[in-house]
């Protein structure tokens, strides 16, 4: 697993959306924006995955503990279970994943929680007895009662093809909204 790298997007939400490489990521981002109150982040109560049924297999909800900003998977769609070869629902990332992968995802959770902004990226997912996949992902912050980021909603796609190789030439990079 590569170290998480972050870069800033200069043109805000519209520019961020235009860089999302898959229509599923764009669809979740649009849904999140629709529930984005003026001047505040959407809350978990504003989000209902039932409204985006076509995305459910790739959806994840992660709780962000305060103040340590550790991520616990509250919901992981079937695509995540298939991609990782295990059930992630109900597990802390640092307990469920190998150390390098856990560090990568904790860095993503930390950055989204601290900056209160969406992030997307691509990484290679490798494991014993399975092919190498490219994992294309999106994480969107959700506010808690006090306004801090309490959760993230995300989408993950696992790609295995020459097209995926071309799509992910910047594997390991995480793009963050300015």
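In the numbering used here, the protein residues as written are 391 to 568.
Heads up, the beta-carbon is just placed ideally off N, CA and C, and yes, glycines get one too.
- DSSP places residue 525 within a strand segment (E or B) once states are collapsed to three.
- When the five nearest sequence neighbours on each side are left out, the beta carbons in the same chain lying within less than 7 Å of the beta carbon of residue 456 are those of 538, in order along the chain.
- In the three-state reduction of the DSSP assignment, residue 481 falls in the coil class, being assigned neither a helical nor a strand state.
- Pairing residue 436 with residue 534, the inter-Cα distance amounts to about 11 Å.
- Here the alpha carbons of residue 450 and residue 441 stand approximately 14 Å from one another.
- In the DSSP assignment, residue 506 falls outside any alpha helix (DSSP H) and carries neither an H nor an E.
- About 6 Å separates the beta carbon of residue 549 from that of residue 526, a gap short enough to meet the 8 Å contact definition.
- Beta bridge pairing from DSSP links residue 452 with 463 and 542.
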